[in-house]
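The structure under discussion appears below in the form of structure tokens.
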Amino acid sequence: MEKKATREAYGKALVEIGKDKRVVVLDADLSGSTKSAEFKKTYPDRFFNIGIAESNMVDIAAGMALSGLKPYASSFAVFITGRAFEPVRQSICYQNLHVVLCGSHSGISVGEDGGSHQSVADIALMRSLPNMKVVVPADYNEAFAVVSATMDMEGPVYIRTSRAKSPLITNKPSFEIGKAEVLKKGSDATLIACGMMSYIALEAAKLLKKDNINVEVINSPSVKPLDEDTIYNSAKKTQRVFTFEEHSIIGGLGSAVCEFLSENLPVYTIKTGLEDVFGESGTKDDLFCKFGFTKESFAKKIKDKLYG
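For the sequence shown, this note's numbering begins at 726 and goes up steadily by one.
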């Protein structure tokens, strides 16, 4: 199965939307890693390397938005959401400006860079801000569609991309904010995932099928706003929900799902992710194994919770 990184799609999509001369791209001296360097090669006059100064970058992007431009600003996820949180809040979200932020190298799949550089709370930080939309694409195809769709969105958007390559599981040419996709239908439980965990959830579903456990798998790239209708209908059918994300179980996709269901359809819900810990240095595969981000671990957890 072909594998590509979602950060690669960000770079390619920027070149495509860059045909619109209102598009400007900013980066915090990491364009080779975030892949915004692709835009720089094609439109050097509209690319700005702000240096290792994420807060300044966000403020500059806000000023560009006020001037009628369409700014896209990128850095590592841990920096653009953490170090720059205050200007994101004050300069962008408070004024509801259309600035697109891309946090690359998200989650523990960054690998050997270690816990200091592994963003495990970025979704929670961005979800907490009024007006901010939060999107976590499952694969290259979806990430490309997401970036393209942001051209017609209003207000601030945070896109979370990954360093690691992941299998292609989507093929939709367009993306709609607030919409999820049922990748597999089932009746025994609902699995809701985002990012590369959507593929692993699909693989876990195959393992469970061997034990005659038929689960529904939902890819939910739009973490904020959620596709409440799709989640409600699936949860009502299965009565048991499991969420799966490469992020802390505090404040991310799992929290968003639990918050919605607790008020509208209280059902048995289990969150899967990092359990209030930082990541560590190691290969992506070793870290996924340690923290339970494998199809075998996820399938076992579901089976144990349902029938253990």
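Ideal Cβ positions, reconstructed from N, Cα and C, are used throughout, including at glycine.
- Message: Judging by CA-CA distance, which residue of Pro892, Ala790, Glu988, Thr1008 is the nearest neighbour of Met726?
- Response: Pro892
- Item | Cβ distance (whole Å) where Leu755 is taken to contact Phe801 below 8 Å | That belief holds up - the Cβ atoms of Leu755 and Phe801 are roughly 6 Å apart, short of 8 Å.
- Closer than 7 Å by C-beta to Ala738: which residues in its own chain qualify, once you throw out the five before and the five after it? Chain order, please. Once the five neighbours on either side are set aside, the close Cβ partners of Ala738 are Phe869, Val872, Ser873.
- Query: So is Glu879 buried or exposed if we call it buried at 16+ other beta carbons inside 10 Å?
  - Reply: Per the 10 Å Cβ criterion, exposed.
- Task: Leaving aside the five residues before and after Val907 along the sequence, list all residues of the same chain whose C-beta is less than 6 Å from its C-beta, in chain order.
- Result: Ile943
- Message: Helix, strand or coil, according to DSSP, for Pro769 in the structure here?
- Response: Helix at Pro769.
- Message: Under 8 Å, with one C-beta from each stretch per pair, do the stretch 1007-1019 and the stretch 973-982 reach the 3-pair mark?
- Response: The stretch 973-982 and the stretch 1007-1019 do not touch, with fewer than three beta-carbon pairs separated by less than 8 Å.
- Spatial neighbours of Ser980 within its chain, please: CB distance less than 6 Å, with the 5 preceding and 5 following residues excluded, ordered by chain position. none
- Got a sec, what are the start and stop residues for the beta strand (DSSP E) Cys827 sits in? From DSSP, the beta strand (DSSP E) with Cys827 extends over 825-829.
- Would you mind reading off the limits of the beta strand (DSSP E) that contains Glu681? No statement about residue 681 is possible, as the shown extent of the chain runs from 726 to 1033 and does not include it.
- DSSP three-state assignment for Ser923, whether helix, strand or coil: Ser923 falls in the helix class under three-state DSSP.
- Query: Rounded C-beta distance between Glu971 and Phe1018? I'm assuming under 8 Å.
  - Reply: 6 Å
- Message: Rounded to whole angstroms, what is the Cα-Cα separation between Phe985 and Ala918?
- Response: 15 Å
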